[in-house]
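**Student:** What follows is a structure written as C-alpha cells; I'll ask about it next.
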Amino acid sequence: MACVLEAPLRMSVLSEVTASSRHYVDRLFDLDPQKVLQGVIDMKNAVIGNNKQKANLIVLGAVPRLLYLLQQESSSTELRTECAVVLGSLAMGTENNVKSLLDCHIIPALLQGLLSPDLKFIEACLRCLRTIFISPVTPEDLLYTDATVISHLMALLSRSRYTQEYICQIFSHCCKGPDHQTVLFNHGAVQNIAHLLVSPSYKVRMQALKCFSVLAFENPQVSMTLVNVLVDGELLPQIFVKMLQRDKPIEMQLTSAKCLTSMCRAGAIRTDDACIVLKTLPCLVRMCSKERLLEERVEGAETLAYLIETDVELQRIASITDHLIVMLADYFKYPSSVSAITDIKRLDHDLKHAHELRQAAFKLYASLGANDEDIRKKIIETENMMDRIVNGLSESSIKVRLAAVRCLHSLSRSVQQLRTSFQDHAVWKPLMKVLQNAPNEILVVASSTLCNLLLEFSPSKEPILESGAIELLCSLTQSENLALRVNGIWALMNMAFQAEQKIKSDILRGLSTEQLFQLLSDSDVNVLMKTLGLLRNLLSTRPHIDHIMSTHGKQIMQAVTLILEGEHNIEVKEQTLCILANIADGTTAKELIMTNDDILQKIKYYMSHSNAKLQLAAMFCISNLIWNEEEGSQERQDKLRDMGIVDILHKLSQSSDPNLCDK
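According to full-length UniProt numbering, the sequence shown holds residues 1 to 663 in order.
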C-alpha cells in the first residue's frame with residue numbers, strides 16, 4: 001500500500017512549493033501588456049540568487065511563455081528585453097535549468113533576437129546566450145548549425161563593449177578543435193578581435209585574449225597569422241608580452257603565456273626568441289609557486305609542460321629556473337594539514353581538485369625529463385618521487401594515471417635509472433597491473449615504457465617475463481590500434497634480444513605463425529620493421545637458429561620470400577637479407593637456403609643490386625654459406641660457383657665502395 005500513497009504525497013509537497021510561485025507565471029498570461037511587463041520584472045527580482053525559485057518557475061512552465069513573449073513582434077522592446085534578462089537569470093542556476101531551456105529551443109529564439117535593431121535587447125540576448133554556452137551541458141555545435149550566425153556575431157562586435165565581451169566569451173567557449181577554429185578564422189575572427197586587446201575595458205581585453213588562446217592552440221594557420229598582426233602600430237606578440245608583466249592580473253598573465261606558447265609550438269615564434277626564453281617561460285614557472293591558487297598552479301604547469309615538451313634547451317632552462325623541480329614536489333603535498341587556507345569553501349574545492357595538481361606535476365616532470373640525463377637524475381632524487389609515481393599508477397583518476405605513466409616513460413629513457421631506481425622500487429609491478437585493463441591512451445604509453453624496461457641491460461626484464469608478459473604483448477600485436485601493435489612487437493623484439501631458447505620458443509608459440517604472417521603483411525612499415533627485428537633477434541646463436549628453423553623453417557622461408565618479392569623500401573629488404581644471413585649461419589638451418597633455388601637466385605640478384613647496403617647484406621649470406629671450416633662447405637661452394645656467384649664477386653672486388661671491396 002505504501003507505494004500507492006507515495007505519488008500523491010510527492011505531488012502535495014511539490015504543489016505547496018510551487019503554489020507560491022504560480023502567480024508569477026499566471027501574470028505572464030494577463031491581457032494587459034503593462035501587467036505582463038510588471039509580472040516579468042517582479043519575476044526577475046524574485047529569481048535573482050534563488051535557485052529554488054528558478055526551479056519552481058521552470059517546472060510551472062514559465063520558459064515557453066517567456067520565449068513566446070520574447071519572439072512576439074507585438075511585444076514591446078522593453079518586455080522582450082526583460083524576458084531575455086529573466087531567461088538569462090534562470091540559466092545561471094543549475095545544469096538542469098540549462099537543460100530545460102535547451103529543450104525549449106531557447107538558442108534559435110535568442111539568435112533570432114540578435115536581428116533586432118535595439119541594442120539593449122541585443123545585449124540581453126547575448127548575455128543570456130553567453131550564460132547558456134558556457135554551461136558544460138550545452139553542445140558547442142549549436143553555434144555553428146547556421147553559417148550566417150557567425151558572420152552576424154562578427155558584425156555585432158562593433159556595437160558596444162558588452163557585445164564585445166559576450167561575443168568573445170561565446171567564441172572562446174565554443175571553439176573546440178580545428179573545425180571550429182577554421183570556421184571562426186575564415187569569418188575574420190583574427191582581424192575583428194585583435195583591436196579589442198587594447199580596449200579600455202579590462203573584461204573585453206581579457207575575453208579577446210581568451211579567444212586568441214583557443215584559436216591558436218595547436219593551429220599553425222592561426223599562429224602564423226597572429227605573428228604579423230598589427231594593433232595600433234604594435235605586433236600582437238609584443239602586446240601579449242606586455243600582458244605577461246607581473247603587475248597585470250594573474251588571469252591575464254596566464255592567458256597571454258598560453259597564446260605565446262601555442263604560437264611557439266606551431267613554429268610561428270622560435271624557441272630561442274627572447275619573448276619565450278625571458279618572458280613566457282619565467283612567467284609560467286612563477287605560476288607554479290605555492291602562492292598561486294590551485295587552478296593557476298595546474299594551468300601554469302600544464303602550459304609549461306606543453307611549451308618545453310619537444311625542446312631540449314627550454315627543458316634545461318626551465319629545470320634551473322626558480323628551483324622548479326623542487327617546487328613541483330609541493331604539488332603532491334596539497335592541501336596539507338597546516339594549509340594556509342582559512343576559507344572553508346576554498347578548502348573543500350581544493351580537496352576535490354587536488355588530483356589535478358598531481359596530474360599537472362607528472363606532466364611537467366615528463367616534459368622536463370624527456371631528453372636530459374642530469375634532469376632525470378634530479379627529478380628522481382626529489383623526495384619520494386618514485387613512490388609518488390608508483391602511487392599515481394593506481395589512482396582512481398584516469399588523467400592522473402595517464403600522467404604518471406607518461407612521467408615514468410620519460411624517466412625510463414635513462415639507462416642509469418633503469419638499473420637503479422626502477423629496480424629498487426619494482427616499478428614493473430604496478431606497470432604490469434596498469435597494462436591489464438586500461439583504456440588505449442594509457443596502454444600506448446604504458447607499453448612504450450615496458451619496451452624500455454625490457455632492454456637487455458634492464459634488471460626488470462627477468463621478473464617481467466615471469467609475470468606473463470609474453471601473452472600480454474602477443475595480444476597487443478593483434479590490436480586495431482597501430483601504436484599498440486608497434487609497441488607490442490617492439491617489446492617482444494627487445495625481449496628476444498640475447499634471450500635463452502625457452503623464451504624465444506614461448507614468443508613464437510604465443511604469436512602463432514598466422515599472426516606472424518599477419519604482422520609481416522601489415523600496411524604500416526614500422527610494424528613490419530619491428531617484426532623483422534624480432535625475427536632477427538629470434539634467429540641468433542647457432543643452436544637457437546637450428547632449433548627454430550627445424551620447427552618453423554618452412555613458414556619463415558615463405559615469409560622471407562614474400563618480402564623480397566614485395567614492393568618494400570631498402571631498409572625492409574636489408575633487414576630481410578640480414579635474417580637470411582643469420583639462417584645461413586646455422587649448422588643445419590643453412591640447408592633450407594641451399595635447397596631453395598628461388599632464394600639463392602634472389603641472393604644473387606641482390607648482390608648485383610644498385611644499392612650498396614643490399615649488396616653487402618646479400619654477401620653476408622654468401623660468406624656464411626661458404627665458411628671453410630664447416631661440414632659440406634665444398635659442396636655449397638661448388639653449387640654457388642655453378643650459379644655464377646664467383647663472377648659477381650670478381651666484379652665487386654673492383655668496386656669503388658671500400659666495404660664492398662673488402663667483403
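Yeah, the Cβ is synthetic: ideal placement off N, Cα and C, and Gly gets one too.
Using the Cβ count rule (16 or more neighbours within 10 Å means buried), how would you classify S653?
**Tutor:** For this step, residue 653 is matched to residue 653 along the sequence shown. Answer is exposed; the Cβ neighbour count stays below 16.
**Student:** Considering only residues of the same chain and omitting the five flanking positions on each side of A109, which have a CB-CB separation below 8 angstroms?
**Tutor:** By 1-based counting over the sequence shown, the position of residue 109 is 109. So the qualifying residues of the chain are L67, L70, Q71.
**Student:** For the segment 566 to 581 against the segment 520 to 530, are there 3 or more C-beta pairs whose distance is under 8 angstroms?
**Tutor:** Yes: the two stretches touch, three or more of their Cβ pairs being nearer than 8 angstroms.
**Student:** Grab me the residues of A360's own chain with a C-beta within less than 6 angstroms of its C-beta, minus the 5 sequence neighbours each way, in chain order.
**Tutor:** Indexing the sequence shown from 1 puts residue 360 at position 360. So the list reads V298, A301, E302, once near-sequence residues are dropped.
**Student:** Are the CB atoms of I556 and L535 within a distance shorter than 9 angstroms?
**Tutor:** Position 535 of the sequence shown, counted from the first residue, corresponds to residue 535. Position 556 of the sequence shown, counted from the first residue, corresponds to residue 556. A contact, by the Cβ cut-off of 9 angstroms.
**Student:** Would you say I107 and L156 are within 9 angstroms of each other, going by their C-beta atoms?
**Tutor:** Translated into positions along the sequence shown, residue 107 becomes position 107. Translated into positions along the sequence shown, residue 156 becomes position 156. Contact: no.
**Student:** Per the contact definition of three or more C-beta pairs closer than 8 angstroms, is the segment 120 to 138 in contact with the segment 176 to 194?
**Tutor:** Too few Cβ pairs lie closer than 8 angstroms, so no.
**Student:** So, with DSSP's three-state summary, where would you put L149?
**Tutor:** Position 149 of the sequence shown holds residue 149. Looking at the sequence itself, residue 149 is Val, so the reference to Leu does not match. Helix.
**Student:** For the alpha helix (DSSP H) that D118 lies in, which residues bound it at each end?
**Tutor:** Within the sequence shown, residue 118 is the residue found at index 118, counting from 1. From DSSP, D118 is part of no alpha helix (DSSP H); its letter is neither H nor E.
**Student:** Between which residues of its own chain and N624 is the CB-CB distance below 6 angstroms, once the five residues before and five after are set aside?
**Tutor:** As a first step, residue 624 must be located in the sequence shown, where it is residue number 624. Around N624: A581, A584, D585.
**Student:** How about V190 and V222: do their beta carbons lie closer than 9 angstroms?
**Tutor:** Counting from one through the sequence shown, the residue named residue 190 turns up at place 190. Counting from one through the sequence shown, the residue named residue 222 turns up at place 222. In this structure, V222 lies closer than 9 angstroms to V190 by Cβ.
**Student:** Assign V646 to buried or exposed, taking buried as 16 or more other Cβ atoms, counted over all protein chains shown, within 10 Å of its Cβ.
**Tutor:** Within the sequence shown, residue 646 is the residue found at index 646, counting from 1. Classification for V646: exposed.
**Student:** Might you give, ordered along the chain, the residues of its own chain that have their beta carbon closer than 8 angstroms to the beta carbon of L393, omitting 5 neighbours on each side?
**Tutor:** Stepping through the sequence shown from its first residue, residue 393 is reached at position 393. Same-chain partners within the cutoff: R401, A404, V405, L408, P430, L431, K433, V434.
**Student:** So for L411, helix, strand or coil by DSSP?
**Tutor:** Here residue 411 refers to the residue found at position 411 of the sequence shown. Residue state, collapsed to three classes: helix.
**Student:** Quick one: what's got a C-beta closer than 8 angstroms to V338's C-beta in the same chain, skipping five residues either side?
**Tutor:** In the sequence shown, the residue the question calls residue 338 occupies position 338. Legend: pLDDT at V338 = 48, less than 50; position of this residue unreliable, value from coordinates given subsequently. No residues qualify anywhere along the chain.
**Student:** Just how far apart, CA to CA, sit S610 and S151?
**Tutor:** Sequence index remark: in the sequence shown, residue 610 carries index 610 (1-based). Sequence index remark: in the sequence shown, residue 151 carries index 151 (1-based). Distance between the alpha carbons of S610 and S151: 60 angstroms.
**Student:** Taking a contact to mean a Cβ-Cβ separation below 9 angstroms, would you say L281 touches L314 in this structure?
**Tutor:** As a first step, residue 281 must be located in the sequence shown, where it is residue number 281. As a first step, residue 314 must be located in the sequence shown, where it is residue number 314. Yes. Within cutoff.
**Student:** Indicate the three-state DSSP secondary structure (helix, strand or coil) for L235 in the structure shown.
**Tutor:** Position 235 of the sequence shown, counted from the start, is the residue given in the question as residue 235. DSSP places L235 in strand when its eight states are reduced to three.
**Student:** State buried or exposed for L14, treating a residue as buried only when at least 16 other CB atoms are found within 10 Å of its CB.
**Tutor:** Residue mapping note: residue 14 aligns to position 14 of the sequence shown, counting from 1. Legend: pLDDT at L14 = 48, less than 50; position of this residue unreliable, value from coordinates given subsequently. Exposed, by the Cβ-count rule.
**Student:** Tell me whether the segment 444 to 463 and the segment 416 to 428 touch, counting them as touching only if at least three CB pairs, one residue from each stretch, are closer than 8 angstroms.
**Tutor:** A contact exists between the segment 444 to 463 and the segment 416 to 428.
**Student:** Can the beta-carbon of L368 be found closer than 9 angstroms to that of L324?
**Tutor:** Working through the sequence shown from its first residue, we reach residue 368 at position 368. Working through the sequence shown from its first residue, we reach residue 324 at position 324. In contact: L368 and L324 (Cβ atoms closer than 9 angstroms).
**Student:** State the beta-bridge partners of L230 as determined by DSSP.
**Tutor:** Translated into the one-based positions of the sequence shown, residue 230 becomes position 230. Bridge partners of L230: L235.
**Student:** Is it true that the segment 612 to 619 meets the segment 629 to 637, where meeting means three or more beta-carbon pairs spaced less than 8 angstroms apart?
**Tutor:** They do not touch, by the three-pair rule.
**Student:** With DSSP run on the structure shown, which of helix, strand or coil describes N494?
**Tutor:** For the purposes of this step, residue 494 is taken as the residue at position 494 of the sequence shown. Of the three classes helix, strand and coil, the one that applies to N494 here is helix, per DSSP.
**Student:** Looking only at its own chain, which residues have a Cβ that is under 7 angstroms from the Cβ of G39, when we skip the five neighbours before and after it?
**Tutor:** The residue given as residue 39 occupies position 39 in the sequence shown. These residues qualify, in order along the chain: Y24, R27, L28, D30.
**Student:** Tell me which residues share the same chain as L235 and place their Cβ nearer than 8 angstroms to its Cβ, disregarding the 5 neighbours each side in the sequence.
**Tutor:** The residue given as residue 235 occupies position 235 in the sequence shown. Excluding residues within five positions, the ones whose Cβ falls inside 8 angstroms are V227, N228, V229.
**Student:** Would you mind reading off the limits of the alpha helix (DSSP H) that contains V86?
**Tutor:** Here the question's residue 86 lines up with position 86 in the sequence shown. Looking at the DSSP string, the run of the alpha helix (DSSP H) that includes V86 is 77 to 91.
**Student:** Taking I398 as the reference, give the member of M385, N440, S410, I375 with the closest Cα.
**Tutor:** In the sequence shown, counting from the first residue as 1, residue 398 sits at position 398. The residue with the shortest Cα to Cα distance from I398 is N440.
**Student:** From C125, S75, I58, A84, pick the residue whose C-alpha is nearest to that of residue 691; which is it?
**Tutor:** This structure cannot speak to residue 691, because the chain is shown only from 1 to 663.
**Student:** By alpha-carbon positions, which one of E73, S20, D32 ends up nearest to V47?
**Tutor:** Within the sequence shown, the letter at position 47 stands for residue 47. When each option's Cα is compared against that of V47, the closest is S20.
**Student:** Please confirm whether Q417 and K378 have their CB atoms less than 9 angstroms apart.
**Tutor:** Residue mapping note: residue 417 aligns to position 417 of the sequence shown, counting from 1. Residue mapping note: residue 378 aligns to position 378 of the sequence shown, counting from 1. Contact flag unset, no.
**Student:** Quick check: T261 and L294, are their CB atoms within less than 9 angstroms of each other?
**Tutor:** Within the sequence shown, residue 261 is the residue found at index 261, counting from 1. Within the sequence shown, residue 294 is the residue found at index 294, counting from 1. Contact: no.
**Student:** Run the CB neighbour count on W627, radius 10 Å, all protein chains shown included, and call it buried at 16 or more, exposed below.
**Tutor:** On the sequence shown, residue 627 is found 627 positions in, with the first residue counted as 1. So W627 ends up on the exposed side.
**Student:** For M243 versus L196, is the C-beta spacing smaller than 9 angstroms?
**Tutor:** Taking the sequence shown and counting its residues from 1, one reaches residue 243 at position 243. Taking the sequence shown and counting its residues from 1, one reaches residue 196 at position 196. Their beta carbons are not under 9 angstroms apart, which means M243 does not touch L196 by this criterion.
**Student:** Could you check which residue in R636, C451, A483 has the C-alpha nearest to that of A469?
**Tutor:** Counting from 1 along the sequence shown, the entry for residue 469 is found at position 469. Checking every option, the nearest Cα to that of A469 belongs to C451.
**Student:** Is C407 near the ligand FAD - that is, is its Cβ less than 8 angstroms away from at least one heavy atom of it?
**Tutor:** Of the ligands one can find in the structure shown there are none, so the ligand FAD has no counterpart to examine.
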